[in-house]
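Engineer: For reference, the structure I am asking about is given below.
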Amino acid sequence: MSITWTDAGLVGPASGDFSKPVFVLMTDSRLANPLSAAAKLQRGSWVILRFQVGEALPSYAVPLRRLCRQRGLEFLVAGDHRLAAKLRADGLHLSERHARTFCLSTALSWIGGKRPRRWLSVAAHSSRGLAQAARIKANVAILSPVFPTRSHPEVKPLGLCKFQNLSKSARLPVIALGGVSRQTAKRLTQAKLVGLAGISAFTA
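Sequential numbering from 11 applies to the sequence shown in my numbering.
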């Protein structure tokens, strides 16, 4: 049930569509150039390209996609299936709000329109978010924040006990996000996870 962060990467049981646990690198404004961080990831890890609505496409987007292909990493785009198609991404990531209100038909058609199937991940912050992710048949929910975070210090974390209970009751695989590091990951041994996600966790 649990996963372990080792020098060789994550070790743990398979679950759902995952043959092994994965690291998920999520880009944002704190990660000026994620190429060096992505280059350190083990084969099969994920990279999710995120940027704010209205911002120009980051200059590193195309090189990052190329690097992912070269290194055997899964490349997902957050919130924009048209951009995901343009970049020939391996999947789409939706926020919890988008998973509820987004016009899903076209996006889900793109997700399921090619074999092997593209990935669909959904952010979740509650049992309701997990239920919605399962309802739209996402491959995985990225559940957060498990611990206090530097990116959103004002947001109350779920806490270890609640996070563990949510991960065990979820009807789809779960990845942990929020304050995750090699040290804090040791506290997640009772959670049911298929991976660990972060930004600063992978840049050290």
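Backbone N, C-alpha and C fix where the C-beta goes; we use that ideal spot for every residue, glycine too.
Distance check for F85 and I121, CA to CA, integer angstroms please.
Structural biologist: 13 Å
Engineer: Going by the beta-carbon positions, is the gap between I152 and L130 smaller than 8 Å?
Structural biologist: Result no, Cβ atoms of I152 and L130 do not sit closer than 8 Å.
Engineer: Suppose contacts are defined by Cβ-Cβ distances below 8 Å. Is L35 in contact with V57 by that definition?
Structural biologist: yes
Engineer: Once you ignore the five residues that flank L41 on each side, which residues in its own chain have a CB closer than 6 Å to its CB?
Structural biologist: I209
Engineer: Where does H135 land, buried or exposed, given buried means 16+ other C-beta within 10 angstroms?
Structural biologist: buried
Engineer: For F61, which three-state DSSP category applies?
Structural biologist: coil
Engineer: Would you list the residues sitting across from I152 in a DSSP beta bridge?
Structural biologist: A133 and I185
Engineer: When the Cα of L83 is compared with those of Y70, A66, G101 and A95, which residue comes out closest?
Structural biologist: G101
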